[in-house]
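Scroll down for the structure; my scribbles are underneath it.
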Amino acid sequence: MANLTKHHYYKGEIVSPENLNESFSYPDKIRNSIVSEILGHGIIHGFEVVKSSSMEVKVKPGLAYNRSGERLFLDKEKSVNLNDYLPTANTQTVSLGIKPVYLKTNPATNTEGKTVYTTWIPSVSVSVSSQLSSEYFVLASIHMDPQGIVSITPASRIFTLPLIDDICNPVGTVKAMMRKNPPSSSWLLMDGRQLPKEKYPELYALFSEEIPSLIVNDTTLKLPDMTDRGRFLRQAPAGTDINVMQDCKVQNHAHDLTIGSHSHGITDFPRYGSAYYGKLNGFREYGQYKQTESVDLGTKRSSYPVEGGAEETRPYSLTINYFIKVR
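Heads up: the sequence shown runs through residues 334 to 660, numbered per the working numbering.
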């Protein structure tokens, strides 16, 4: 697929491989008006053509603009029966295309008694033919044999929400959301679950190249787990691997306690009594005296609980869920 640049946000047209280079000659239009409208509808499929039975296809919802600035909008799936195009022998290829139309709504009667329509809703007309007229934009070629649909080949890819979402949120994007469930199947909660490589090849390739710790084996990967203890995200310092879990810690520190130099006096009170006369070496004469002694006081270490404490050290916080783009 060709690399899309900012011009393709602005054009107000259908961007396809056929007009990709040609479209650079058009003047830029305001990007936000188009992107906001596309995002506002929350469409997750861009006119994708899929087989629903041997004789029927479905066109998925989509939104785009053609070169004339006309809006092509389909808000629900549209089924197309191909029974009339079934070949009696050999094979046949037909084209399926769309063109903008407007649906009349809210009929009313004017002063002359005629019915008028106060609202016209933009939509699309879907047509199938072996050769569509130029007013149709071809979405797919459908190959058929006498038993029905053999295969479907997309003719071009329309620039709608899927591409915008892929550009703004590539696989591996992590977002905080105030919701319990992911917004679509492209997002999953970061809960450490294991996923099959077959269903998530892009995520497997990303983890294999940049975060090998999330690769379980040749067929399985796993998501980072932020739910086991309620973790917060932290920018990896330069040279540090991604997906490094850190346990709760209190930084090494010390508290100084200063006790001023001092002494405590102990005074022997006078004592009178009788004793045998004489003196022995090493003994003072018995009599009246007082004596002061100095004692050094050691430091006693003790720990005391702080009132209002908890199991962890944490700042003020608000619970939220983190989701990762998986496809």
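We put the beta carbon where it would ideally sit given N, CA and C, even for glycine. None of these values were measured; they are calculated from a predicted model.
On the DSSP letters alone, give me the boundaries of the beta strand (DSSP E) that residue i sits inside.
| i | result |
| --- | --- |
| P534 | No beta strand (DSSP E) contains P534, which is instead part of the alpha helix (DSSP H) from 534 to 543. |
| M477 | 470 to 478 |
| F656 | 654 to 658 |
| R404 | 404 to 407 |
| M510 | 507 to 510 |
| G481 | 481 to 487 |
| Q527 | 527 to 529 |
| L522 | 520 to 522 |
| V383 | 382 to 386 |
Evaluate residue i with the Cβ neighbour count: other Cβ atoms within 10 Å of its Cβ, from every protein chain shown; 16 or more gives buried, anything less gives exposed.
| i | result |
| --- | --- |
| V659 | buried |
| T652 | exposed |
| A643 | exposed |
| M578 | exposed |
| E381 | buried |
| I376 | Confidence at I376 is low in this model, with a pLDDT of 39, below 50, so its placement is unreliable and no value can be given for it. |
| G692 | The structure shown does not extend to residue 692, since the chain is modelled only from 334 through 660, so no value can be given for it. |
| G446 | exposed |
| M565 | The sequence as given places Phe at residue 565; Met does not occur at that position. By the 10 Å Cβ count, F565 comes out exposed. |
| L405 | buried |
| Y533 | buried |
| M477 | buried |
| A473 | buried |
| M511 | exposed |
| V549 | exposed |
| Y649 | exposed |
| V583 | exposed |
| I592 | exposed |
| A587 | exposed |
Could you give the DSSP three-state label for residue i: helix, strand or coil?
| i | result |
| --- | --- |
| D417 | helix |
| L429 | strand |
| S356 | Caution applies to S356, whose pLDDT of 39 falls short of 50 and renders its modelled position unreliable; the model cannot decide the point. |
| T424 | coil |
| A643 | coil |
| N514 | coil |
Could you tell me which residues DSSP pairs with residue i in its beta bridges?
| i | result |
| --- | --- |
| N550 | T553 |
| Y649 | In the DSSP output, where bridge partners are listed per residue, Y649 has none listed. |
| L396 | F406 |
| K582 | K582 pairs with nothing; no bridge assigned. |
| S463 | Answer by DSSP bridge pairing: none, since S463 is not bridged. |
| S456 | V434 |
| S661 | As shown, the chain starts at 334 and ends at 660. That puts residue 661 outside it, with no answer to give. |
| D558 | D524 |
Problem - Inter-stretch contact at 8 Å, needing at least 3 Cβ pairs: the segment 517 to 527 / the segment 473 to 487 - result: no
Problem - the segment 459 to 470 contacting the segment 426 to 433, beta-carbon criterion three pairs below 8 Å - result: yes
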